[in-house]
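Below you'll find the structure, written out as C-alpha cells, and then a few comments.
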Amino acid sequence: RELISNSSDAIDKIYYKALTDDNIKFDKSKYQIKIDVDKDNRILTVSDTGIGMTKEELEENLGVIAQSGSFNFKNLNKVKDGYDIIGQFGVGFYSAFMVADKVEVYTKSLGEDTGYKWISEGADGYLIEEYEKDTVGTDIILTIKENDEDENYDKYLNTNQLQQIVKKYSDFIRYPIKMEIEKTRLKEGTEDEYESYTELETVNSMVPIWKKNKLNLKDEDYENFYSEKHFGFDKPLSHLHISVDGVIRYNAVLFIPENIPFDYYSKEYEKGLELYSNGVLIMNKCPDLLPDYFSFIKGVVDSEDLTLNLSREVLQHDRQLQFIAKNLRTKIKKELETMMKHDREKYEKFYNSFGRQIKFGVYDEFGRDKDFLKDLLMFYSSKEDKMVTLDEYVSRMPEEQEFIYYAAGESKEMLKKLPQTEAVLDKGFEILYFTEDIDEFAIKVLEEYQEKEFKSVSSSDLEIDDVEDTEENQVEEDKRKEIFDYMTKSLKGKISKVKASKRLKNHPVCLSNEGDVSIEMEKVLKNMPNNQNIKAEKILEININHKVYQAIKDAYENDKDKLDLYTNLLYNQALLIEGLPLEDPVEFSNNISKIMD
Numbered sequence: 001r002e003l004i005s006n007s008s009d010a011i012d013k014i015y016y017k018a019l020t021d022d023n024i025k026f027d028k029s030k031y032q033i034k035i036d037v038d039k040d041n042r043i044l045t046v047s048d049t050g051i052g053m054t055k056e057e058l059e060e061n062l063g064v065i066a067q068s069g070s071f072n073f074k075n076l077n078k079v080k081d082g083y084d085i086i087g088q089f090g091v092g093f094y095s096a097f098m099v100a101d102k103v104e105v106y107t108k109s110l111g112e113d114t115g116y117k118w119i120s121e122g123a124d125g126y127l128i129e130e131y132e133k134d135t136v137g138t139d140i141i142l143t144i145k146e147n148d149e150d151e152n153y154d155k156y157l158n159t160n161q162l163q164q165i166v167k168k169y170s171d172f173i174r175y176p177i178k179m180e181i182e183k184t185r186l187k188e189g190t191e192d193e194y195e196s197y198t199e200l201e202t203v204n205s206m207v208p209i210w211k212k213n214k215l216n217l218k219d220e221d222y223e224n225f226y227s228e229k230h231f232g233f234d235k236p237l238s239h240l241h242i243s244v245d246g247v248i249r250y251n252a253v254l255f256i257p258e259n260i261p262f263d264y265y266s267k268e269y270e271k272g273l274e275l276y277s278n279g280v281l282i283m284n285k286c287p288d289l290l291p292d293y294f295s296f297i298k299g300v301v302d303s304e305d306l307t308l309n310l311s312r313e314v315l316q317h318d319r320q321l322q323f324i325a326k327n328l329r330t331k332i333k334k335e336l337e338t339m340m341k342h343d344r345e346k347y348e349k350f351y352n353s354f355g356r357q358i359k360f361g362v363y364d365e366f367g368r369d370k371d372f373l374k375d376l377l378m379f380y381s382s383k384e385d386k387m388v389t390l391d392e393y394v395s396r397m398p399e400e401q402e403f404i405y406y407a408a409g410e411s412k413e414m415l416k417k418l419p420q421t422e423a424v425l426d427k428g429f430e431i432l433y434f435t436e437d438i439d440e441f442a443i444k445v446l447e448e449y450q451e452k453e454f455k456s457v458s459s460s461d462l463e464i465d466d467v468e469d470t471e472e473n474q475v476e477e478d479k480r481k482e483i484f485d486y487m488t489k490s491l492k493g494k495i496s497k498v499k500a501s502k503r504l505k506n507h508p509v510c511l512s513n514e515g516d517v518s519i520e521m522e523k524v525l526k527n528m529p530n531n532q533n534i535k536a537e538k539i540l541e542i543n544i545n546h547k548v549y550q551a552i553k554d555a556y557e558n559d560k561d562k563l564d565l566y567t568n569l570l571y572n573q574a575l576l577i578e579g580l581p582l583e584d585p586v587e588f589s590n591n592i593s594k595i596m597d
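Residues 1 to 597, numbered by this note's numbering, are exactly what the sequence shown covers, in order.
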C-alpha cells in the first residue's frame, strides 16, 4: 500500500506539471504502476512511470524518516486547495524494511539526463550513485526476507496474495496497477492437458463509485458495490451518495441495510465505515464516523483533507473526522425523514429492523441527542393497527387533551385489554403502545413532545375523571378510607396503598404506580445482569362501581378473614394482569379453592 501510494503520488506530480506547463503533455493511458515478482530470487519490484526523483530529492525524501515528498512538492508549487492531484502522505517507504533485507531505488526525474540509484540494508545507512536509466520514473526493488518462526514472508512473493492486498488497500488508486497473473489453459492440440501461463492484467478498479456522477449510476450499481464490499447478504434498503466540497471535502456512499446483521446485538459486531484518503484505504472500520444509534449504517468515506501520520493508520488530528461525522449524521437523518415522508412502507420496514437503535439514541447519554432523533420515533397506537409518529399523534389530539398517553407492556394485543386504558379510551383519547424494553426509558428521558408531556395510563396521577365533592361523597369516602387502610395493612408492605380507582370502568382491580419507576420498568430492570432489586411503588386500585366492591364492604363489616382472602386474591389478580410473577402461586391457588367452597 505504501509503495503503490507513493507511485500514484509520483504520477500525480507529472499531471500537475502538465496542467501548469504547456511543454509537458500528459497522456493518462501511458502512466501506470507495475508489480513484478521473482520467486526464485525473492525479489518484489514496484515500478511507476511517475515524475521520478533527483539526487537531492532522494537525499531529502529517503534520507529522513517521515519526510513527506508529496507535501513538500505541494508547498513548492503552491498548489491551490481545489486541486485533487497531490497526496499528503509521508514517503512511508521505510515500512519496506519490515519485510525486506535490502531495498533498492532506481529513479530518473522528469527533465534530468541522469538517473540515480539508492541502496540500503537498513541500519547501516544508504548509498546513492548515478545510474543509467532510460525512462522517467522509479523502480523500487525489495529483496524479501526468508521466513522465520513469526512471519511468513513468502506471501509477498505470491501473486494471488499480492492481488488481494492491492484490491483491499489500493483498489481505487486512479492509475492502473498491473501484474503478471498466473493462469491455466488447455494445451493446444490436446483435449485434457493444461499448461500454466501469465498474462499482464490491471488488478485495481481505479475509479471508485463515490467519484462517479450519481446521475449516471443505477440502483443496480450501488447494489453490486454493496455486495462486492461484503456489507451484507441482503440488498440495501436505501443508499446515500454524498459529495461535499467545502471547508473539508469528502465523498461517501452509505447504505441502510434491509435486515439486521446476524451479529448486530453481539459483542463481536463492530460499527464503523471504511475510511479512505484519496482512494487509499486507511481504516477498515472507523467507529468515530458514526454515533452508536446509526451503527447499522454500512459504507465508505473518502477525503483528501485528512491529516495522517506516516503509517497512514492513525489520524494526527480529529477535527476533520468530527466535521465529517457531524455532517454524515445530519445527512443520514435527512434520508430517513425523506423515506418516512415519501415511502412510508420502506421506512416502517427500516424501523422494524432498527427502530430500537433510534430509541436507544434518544435514551443514551442522558438524552443528549433526544431532540435530534425524536421525529424519527414511531409506536403502535390504539387508533389504528399501524405505527404512528409523535407528530401524527399530537396533530390529531382533541383540544381538551393535555397529555400524550401511553401504555407499556409485552405486546399491543395485551395492552389493548389492559384495564388501565378504559378511562382514557372512553374519553376518545389515543394511546401509544410501548412494547419494547427501551420504549419507556426513552420516553422518560424525552419527557415531552411539542410541549405535550407523556403520561402513562398506569400513573397514579392520571386523574382523568374528576368527581364533584359533596357531603355525601365525603361520608362515603371516609368509609372507603377505613376499608382501604385495612386492606393496605393486610398486604403487609407489598403495596404503598389501596385506593378507589378513577380509571377503571368494567374491571374490578388494577395496579398503578407512583414515582419515576413504572411497573414495566421494574420488569425490565429485574432482567438486567446487575439487578439491584429496584421496584415500582405500587398502588392497588379498586373499582368502587364494580360488584366486587360490595363484597369487600360486606366482608369488612362481617368477616375480616374473608376480606383478607379477597385482598390477597385481588392483589394477585392485579399482578397477573401486569404480567408480574405471583409471590406465592400455591397460596393463590389455595385461596381460589377456599372462595369456591
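Yeah, the Cβ is synthetic: ideal placement off N, Cα and C, and Gly gets one too.
Collapsing the DSSP output to three states places N558 in a helix. Per DSSP, reduced to three states, the secondary structure at R503 is coil, with no helix or strand assignment. Short of 8 Å from the beta carbon of V394, and not among the five residues preceding or following it, lie these beta carbons of its own chain, in chain order: I404, Y449, Q450, K452.
When DSSP states are grouped into helix, strand and coil, M283 belongs to the strand group.
DSSP, reduced to helix, strand and coil, places F360 within a helical segment of the structure shown. Counting only runs of 4 or more residues that sit fully inside the segment 411–487, the alpha helix (DSSP H) segments are 412–416, 422–426, 437–446, in chain order. Relative to the Cα of E399, the nearest Cα in the group L377, E430, T389 belongs to E430.
Non-local beta-carbon contacts of A551 in its own chain, meaning distances under 8 Å to residues more than five positions away in sequence, involve Y566 in chain order. K298 carries a strand assignment under DSSP once its states are collapsed to helix, strand and coil.
Burial is judged here by how many other beta carbons sit within 10 angstroms of a residue's own beta carbon; N531 has fewer than 16 and is exposed.
A contact is defined here as three or more CB-CB pairs under 8 Å, and the segment 218–231 meets this definition with respect to the segment 241–260. Beta-bridge partners assigned by DSSP to R185: E195. A check of alpha carbon separations from E304 across N327, Y293, S277 identifies S277 as the nearest. Here L565 carries a helix assignment [DSSP, helix/strand/coil]. Nearest to F372 by C-alpha distance, out of Q420, I332, I4, is I332. Remark: C-beta atoms of K178 and V207 do not approach each other more closely than 9 Å.
G361 is positioned such that its CB atom lies closer than 9 Å to that of Y293. Straight through space, the alpha carbons of Y116 and E129 are spaced by roughly 6 Å. For K494, no alpha helix (DSSP H) encloses it, and the DSSP letter there is neither H nor E. A123 and N152 have their C-alpha atoms spaced approximately 22 Å apart.
Counting other Cβ atoms within 10 Å of its Cβ, Y269 stays below 16 and is therefore classed as exposed. A residue is called buried once 16 or more other Cβ atoms fall within 10 Å of its Cβ, and E201, having fewer, is exposed. The closest CA to that of P419, considering only Q573, R42, E188, is found on Q573.
CA-CA distance, D461 to S353, rounds to 35 Å. Contact between the segment 516–526 and the segment 432–443 is present: three or more C-beta pairs spanning the two stretches fall below 8 Å. Membership of D48 in the beta strand (DSSP E) is indicated by the continuous run 43–48. With a minimum length of 4 residues, there is no unbroken run of alpha helix (DSSP H) contained wholly in the segment 94–119.
Rounded to the nearest angstrom, the Cβ distance from I248 to F323 is 5 Å, consistent with a contact under 8 Å. Going by DSSP, H342 is part of the alpha helix (DSSP H) stretching over 319–342.
Around S238, the same chain offers F255, I256, E335, M339, K346, F350 as residues with beta carbons nearer than 8 Å, after the five sequence neighbours per side are excluded.
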